[in-house]
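*Asks:*
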Amino acid sequence: MPDDSPSLSKYELAARKQQTRRNLLLCSPALIVLLLAASGPLLVMLFYSFLKSGNYGGVIYEFSLDGWLNVFLVRDIFDDVLKVADAHLSVFWRSIKLSAMTTFTCLVIGFPTAYFIATRPRESRNFWLFLITIPFWTNLLIRTFAILELIRNNGIVNNLLTDLHIIEQPIQMMYTDFAIMIGMTYVYLPLMILPLYASMEKLDFRLVEAAYDLYATRIRVLRKVIIPLIKPGIVAGSILVFIPSLGAFVTPRVLGGGKNLMLGNLIELQFGQGRNWPLGAALSITLLFIVMATLLLYVRYSQKGGVQHEQ
Amino acid sequence: MTDPVAISVNQVSKQFGQGADAFFALDQVSVDIRENEFFTLLGPSGCGKTTLLRLIAGFEHPTAGHIQLHGEEISHLPPFKRPVNTVFQNYALFPHLTVAENIGFGLDMQDKPAAEIESTVTEMLQLVQMESMRDRRTDQISGGQQQRVALARALAPHPRVLLLDEPLSALDYKLRKGMQIELKRLQLETGITFIFVTHDQEEALTMSDRIAVMNNGQILQVGSPNDIYDRPSHRFVADFIGDTNFLSAELVESSSEHAVVKLSSGKNLVTGPTEATLNNVVSITVRPEQAVLIDDLANADLQGTVTNIMYSGTDSHFHIELPSQEEFVAKVQNAGPARRDWETGQTVGIKFHDNAVQIVED
Numbered sequence: 170m171p172d173d174s175p176s177l178s179k180y181e182l183a184a185r186k187q188q189t190r191r192n193l194l195l196c197s198p199a200l201i202v203l204l205l206a207a208s209g210p211l212l213v214m215l216f217y218s219f220l221k222s223g224n225y226g227g228v229i230y231e232f233s234l235d236g237w238l239n240v241f242l243v244r245d246i247f248d249d250v251l252k253v254a255d256a257h258l259s260v261f262w263r264s265i266k267l268s269a270m271t272t273f274t275c276l277v278i279g280f281p282t283a284y285f286i287a288t289r290p291r292e293s294r295n296f297w298l299f300l301i302t303i304p305f306w307t308n309l310l311i312r313t314f315a316i317l318e319l320i321r322n323n324g325i326v327n328n329l330l331t332d333l334h335i336i337e338q339p340i341q342m343m344y345t346d347f348a349i350m351i352g353m354t355y356v357y358l359p360l361m362i363l364p365l366y367a368s369m370e371k372l373d374f375r376l377v378e379a380a381y382d383l384y385a386t387r388i389r390v391l392r393k394v395i396i397p398l399i400k401p402g403i404v405a406g407s408i409l410v411f412i413p414s415l416g417a418f419v420t421p422r423v424l425g426g427g428k429n430l431m432l433g434n435l436i437e438l439q440f441g442q443g444r445n446w447p448l449g450a451a452l453s454i455t456l457l458f459i460v461m462a463t464l465l466l467y468v469r470y471s472q473k474g475g476v477q478h479e480q
Numbered sequence: 005m006t007d008p009v010a011i012s013v014n015q016v017s018k019q020f021g022q023g024a025d026a027f028f029a030l031d032q033v034s035v036d037i038r039e040n041e042f043f044t045l046l047g048p049s050g051c052g053k054t055t056l057l058r059l060i061a062g063f064e065h066p067t068a069g070h071i072q073l074h075g076e077e078i079s080h081l082p083p084f085k086r087p088v089n090t091v092f093q094n095y096a097l098f099p100h101l102t103v104a105e106n107i108g109f110g111l112d113m114q115d116k117p118a119a120e121i122e123s124t125v126t127e128m129l130q131l132v133q134m135e136s137m138r139d140r141r142t143d144q145i146s147g148g149q150q151q152r153v154a155l156a157r158a159l160a161p162h163p164r165v166l167l168l169d170e171p172l173s174a175l176d177y178k179l180r181k182g183m184q185i186e187l188k189r190l191q192l193e194t195g196i197t198f199i200f201v202t203h204d205q206e207e208a209l210t211m212s213d214r215i216a217v218m219n220n221g222q223i224l225q226v227g228s229p230n231d232i233y234d235r236p237s238h239r240f241v242a243d244f245i246g247d248t249n250f251l252s253a254e255l256v257e258s259s260s261e262h263a264v265v266k267l268s269s270g271k272n273l274v275t276g277p278t279e280a281t282l283n284n285v286v287s288i289t290v291r292p293e294q295a296v297l298i299d300d301l302a303n304a305d306l307q308g309t310v311t312n313i314m315y316s317g318t319d320s321h322f323h324i325e326l327p328s329q330e331e332f333v334a335k336v337q338n339a340g341p342a343r344r345d346w347e348t349g350q351t352v353g354i355k356f357h358d359n360a361v362q363i364v365e366d
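Respectively, the protein sequence lines represent chains A and B.
Read in order, the letters of the first sequence are residues 170 to 480 in this note's numbering.
Read in order, the letters of the second sequence are residues 5 to 366 in this note's numbering.
As structure tokens, then:
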């Protein structure tokens with residue numbers, strides 16, 4: 170890395186300054202898009218969350234904390250007493266719980282898959298990776314309906330089990346938390362496998378042999394050598410699965426029906442039927458904070474316990 | 005005098021691939037490696053030496069045959085159940101552990117108490133003179149130091165046999181020389197059987213008690229460095245180790261004590277016994293330093309014309325073309341008493357030293 174040592178002549182400094190300016194100019198389109206498309210709407214949301222809701226949707230340009238208040242509290246319609254908004258809290262809790270379960274399931278399923286691909290001969294690895302990306306070819310909604318077709322009461326799984334006389338009555342899988350989790354696991358699994366594969370591919374398998382040689386059983390090789398070395402991939406994959414799961418919208422809507430709401434659906438509800446835009450905006454910002462808090466936790470955890478090994 | 009056998013390899017074959025792609029990395033190899041021995045597997049790349057080492061370590065399992073450790077069958081035990089440790093070619097140190105944690109890894113996996121691990125690690129660090137590097141990360145130490153850590157890590161669990169897979173090949177010349185001496189010292193100090201794999205014949209000759217020369221998945225000859233160099237059994241062995249000359253000769257006499265070959269010049273020479281058939285043409289080998297050049301053609305074993313003279317510091321190499329169209333190279337010491345003022349085009353006589361001629365299998 171070049172350092173700004175005082176030994177540099179003023180011509181060199183000027184040249185470096187010009188270089189920096191030119192590079193900044195080159196990445197300005199990306200910066201502008203990010204600024205307008207990401208920060209802009211966020212600022213609008215933040216602004217709306219402090220306004221009064223209009224009767225038929227929209228906002229009234231009058232300062233109010235009702236939006237934020239309603240995130241956690243609810244005013245009883247009969248006696249105007251403020252109570253904790255149990256319904257909202259349970260949605261928060263379900264979102265976090267289902268996202269964590271999805272992340273864990275993806276990790277458990279994705280780990281052997283990534284290991285399998287990483288241990289194939291170099292030429293055939295691209296083929297297996299290609300297979301992993303096939304689900305991305307179809308629209309998320311279509312994939313979710315495919316899952317629905319599988320698990321609904323008259324769906325393939327239930328029909329098969331009934332025909333085989335393993336069960337008498339179809340198992341109710343649709344419109345449960347389980348259905349949402351299955352759907353999200355299916356949708357986000359590639360996002361776990363790809364970073365896991367990327368770090369396993371870099372894993373030196375001679376280290377695995379060395380551990381075997383030094384009396385480590387298979388399970389201990391996994392715990393003491395493989396997992397510590399591919400931890401960056403585990404962390405990256407978990408973040409990539411957990412965060413979109415938290416805000417998932419289509420999957421819980423289709424597979425969870427109306428009653429098993431997640432945060433994304435709750436927010437949508439406020440902008441649609443609920444006609445409470447300030448609350449929707451406040452919920453959106455809250456979701457953003459949960460995501461940021463999770464990321465910070467991860468960063469701290471991976472710095473404390475993680476290994477700093479350069480490849 | 006001979007120590008008991010540590011590792012016994014009996015008729016071991018290793019096949020990779022199936023059907024038309026099948027390939028024998030090892031073909032019915034048998035060898036006994038004794039306790040306290042510095043045993044070297046020497047051969048070109050692809051000769052099967054690393055495969056044999058991996059079979060002993062347990063990373064691969066033999067297709068046929070048996071491997072025994074102190075009389076106990078180990079052919080199909082996984083690596084973590086064999087009291088055998090390996091020093092890997094690229095060291096394979098764990099990058100997420102410190103030097104001390106690397107050395108203690110094997111003991112930790114054997115569930116040894118922390119105090120014992122601690123004291124063994126300290127002892128090992130002293131043995132390889134790395135005490136000051138104890139808490140370094142493995143990417144913060146030099147190649148030679150990594151080599152020492154790899155050695156200490158493999159020695160820490162006190163294995164019955166230590167396997168070394170070309171451990172010096174990544175080091176530069178000077179470090180390699182130093183580590184050769186170091187390895188030999190460690191072997192003598194610990195009394196552990198070392199099985200050392202290398203393709204470097206010089207390394208093999210200087211360090212080993214015994215050498216097995218391998219080619220094409222077979223062991224051609226096992227013997228002391230002296231045996232291998234002076235009495236090669238195969239053309240490949242003679243050629244692979246040091247420089248040598250090959251000549252054709254006719255086997256005219258053969259008994260259990262000696263054999264007599266007739267050179268192209270008509271001279272008869274006595275050699276060691278051979279299993280070759282009488283009156284057949286055999287290959288003989290003569291080391292370049294085992295011949296002197298003389299004026300007296302009548303007394304010479306061979307004669308020929310000097311075609312080229314190469315000066316190489318300590319000695320000069322005389323390339324001589326024989327009447328049989330074969331080429332013979334004689335190495336004459338520049339500092340010695342031997343006459344060496346020959347010029348190209350001159351006819352010279354070649355006289356072999358006693359016991360210089362060796363019949364080799366092709």
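We put the beta carbon where it would ideally sit given N, CA and C, even for glycine.
If you draw a straight line from the C-alpha of residue 142(A) to the C-alpha of residue 273(A), how long is it?
*Replies:* Residue 142(A) lies beyond the residue range present for chain A, which begins at 170 and ends at 480; the question has no answer from this structure.
*Asks:* Name the DSSP bridge partner or partners of residue 165(B)?
*Replies:* 88(B) and 197(B), per the DSSP bridge assignment.
*Asks:* Should residue 185(B) be labelled buried (16 or more other beta-carbon atoms within 10 Å of its own) or exposed?
*Replies:* Burial call: exposed.
*Asks:* If we count the other Cβ atoms within 10 Å of its Cβ and call it buried at 16 or more, is residue 216(A) buried or exposed?
*Replies:* So residue 216(A) counts as exposed.
*Asks:* Out of curiosity, what's the CA-to-CA distance linking residue 451(A) and residue 221(A)?
*Replies:* Computed Cα separation, rounded: 12 Å.
*Asks:* Measure from the C-beta of residue 321(B) to each C-beta in chain A and report whether the shortest distance is under 8 Å.
*Replies:* With 8 Å as the cut-off, residue 321(B) does not count as an interface residue toward chain A.
*Asks:* Applying a beta-carbon distance threshold of less than 7 Å, which residues of chain B neighbour residue 258(A)?
*Replies:* Result: empty, since nearest Cβ-Cβ is about 40 Å, beyond 7 Å.
*Asks:* With a cut-off of 8 Å on the beta carbons, I'd call residue 46(B) and residue 218(B) a contact; round off their distance for me.
*Replies:* Residue 46(B) to residue 218(B), Cβ: 7 Å. Contact.
*Asks:* Could you name the residues of the same chain whose beta carbon sits closer than 7 Å to that of residue 314(A), not counting the 5 residues immediately before and after it, in chain order?
*Replies:* These residues qualify, in order along the chain: 423.
*Asks:* Note down, in chain order, every chain D residue with its Cβ under 7 Å from the Cβ of residue 397(A).
*Replies:* Note that chain D does not occur in the displayed structure, where the protein chains are A and B.
*Asks:* If we define contact as Cβ-Cβ less than 8 Å, is residue 66(B) a contact residue for chain A?
*Replies:* By this cut-off, residue 66(B) is not an interface position.
*Asks:* Assuming residue 123(B) is part of the alpha helix (DSSP H), what are its boundary residues?
*Replies:* Where residue 123(B) is concerned, the enclosing alpha helix (DSSP H) stretches over 118–131.
*Asks:* Quick one: does residue 144(B) have its CB under 8 Å from some CB of chain A?
*Replies:* False, the Cβ-Cβ gap to chain A never drops below 8 Å.
*Asks:* Between which two residues does the beta strand (DSSP E) harbouring residue 222(B) extend?
*Replies:* Start and end: 222–227.
*Asks:* Identify the contact partners of residue 94(B) in chain A, using a Cβ-Cβ distance below 7 Å as the criterion.
*Replies:* The contacting residues are 375.
*Asks:* Relative to the C-alpha of residue 277(B), which residue among 262(B), 271(B) and 176(B) is closest?
*Replies:* Closest option to residue 277(B), Cα to Cα, is 262(B).
*Asks:* Looking at C-alpha atoms only, which residue of 453(A), 280(A) and 179(A) is the closest neighbour of residue 362(A)?
*Replies:* When only C-alpha atoms are compared, the closest one is 280(A).
*Asks:* Rounded to whole angstroms, what is the Cα-Cα separation between residue 156(B) and residue 165(B)?
*Replies:* Distance between the alpha carbons of residue 156(B) and residue 165(B): 14 Å.
*Asks:* If distances are taken between C-alpha atoms only, which option among 401(A), 407(A), 346(A) and 405(A) comes closest to residue 259(A)?
*Replies:* Among 401(A), 407(A), 346(A) and 405(A), the Cα nearest to that of residue 259(A) belongs to 346(A).
*Asks:* For residue 110(B), which residues in chain A fall below 7 Å Cβ to Cβ?
*Replies:* Near residue 110(B) (Cβ distances below 7 Å), the residues of chain A are 383 and 384.
*Asks:* Is the CB of residue 61(B) under 8 Å away from at least one CB in chain A?
*Replies:* For residue 61(B), the answer is yes, since a Cβ of chain A falls inside 8 Å of its Cβ.
*Asks:* Tell me, please, whether the stretch 247–267 of chain B touches the stretch 289–298 of chain B by the rule of three or more beta-carbon pairs shorter than 8 Å.
*Replies:* They touch, by the three-pair rule.
*Asks:* Considering only their Cβ atoms, is the gap separating residue 142(B) from residue 97(B) smaller than 8 Å?
*Replies:* In contact: residue 97(B) and residue 142(B) (Cβ atoms closer than 8 Å).
*Asks:* Are the CB atoms of residue 199(B) and residue 179(B) within a distance shorter than 8 Å?
*Replies:* Contact flag unset, no.
*Asks:* Leaving out the 5 sequence neighbours to the left and right, which residues in its chain are closer than 7 Å to residue 171(A) when beta-carbon positions are compared?
*Replies:* Residue placement at residue 171(A) is poorly supported in this model, since its pLDDT is 47, which falls under 50; the coordinates still yield a value, given next. Excluding residues within five positions, none has a Cβ falling inside 7 Å.
*Asks:* Whole angstroms is fine: what's the gap from residue 241(A)'s alpha carbon to residue 371(A)'s?
*Replies:* Cα to Cα, residue 241(A) sits roughly 46 Å from residue 371(A).
*Asks:* Where residue 360(B) and residue 354(B) are concerned, what is the direct C-alpha to C-alpha distance, given to the nearest angstrom?
*Replies:* Using only the alpha carbons, I get a separation of about 12 Å.
*Asks:* Using DSSP with H/G/I as helix, E/B as strand and the rest coil, what is residue 254(B)?
*Replies:* The answer is strand: DSSP assigns residue 254(B) an E or B state.
*Asks:* Tell me whether the beta-carbon of residue 366(B) lies closer than 8 Å to the beta-carbon of residue 235(B).
*Replies:* No.
*Asks:* Determine contact between the stretch 83–102 of chain B and the stretch 131–142 of chain B, defined as no fewer than three beta-carbon pairs at a distance below 8 Å.
*Replies:* Enough Cβ pairs lie closer than 8 Å, so yes.
*Asks:* Could you say which of 114(B), 154(B), 223(B) and 347(B) lies nearest to residue 14(B) if we only look at CA atoms?
*Replies:* The shortest Cα separation from residue 14(B) among 114(B), 154(B), 223(B) and 347(B) belongs to 223(B).
*Asks:* Report the CB separation of residue 425(A) from residue 349(A) in whole angstroms; it is logged as a contact under 8 Å.
*Replies:* The Cβ separation is near 5 Å, so the contact holds.
*Asks:* Go ahead and label residue 382(A) buried or exposed: buried means 16 or more other beta carbons lie within 10 angstroms of its beta carbon, across all protein chains shown.
*Replies:* So residue 382(A) ends up on the buried side.
*Asks:* Answer with yes or no whether the minimum CB distance from residue 90(B) to chain A is below 8 Å.
*Replies:* Yes, residue 90(B) counts as interfacial toward chain A.
*Asks:* Could you pull out every residue in the same chain whose Cβ sits closer than 8 Å to the Cβ of residue 376(A), ignoring the five residues on either side in sequence?
*Replies:* Excluding sequence neighbours, residue 376(A) sits near 394 and 398.
*Asks:* Please work out which residues of its chain come closer than 7 Å, Cβ to Cβ, to residue 477(A), disregarding the five sequence neighbours upstream and downstream, and give them in chain order.
*Replies:* Its pLDDT being 45, under 50, residue 477(A) is placed unreliably in this model, and the coordinates cannot settle the point.
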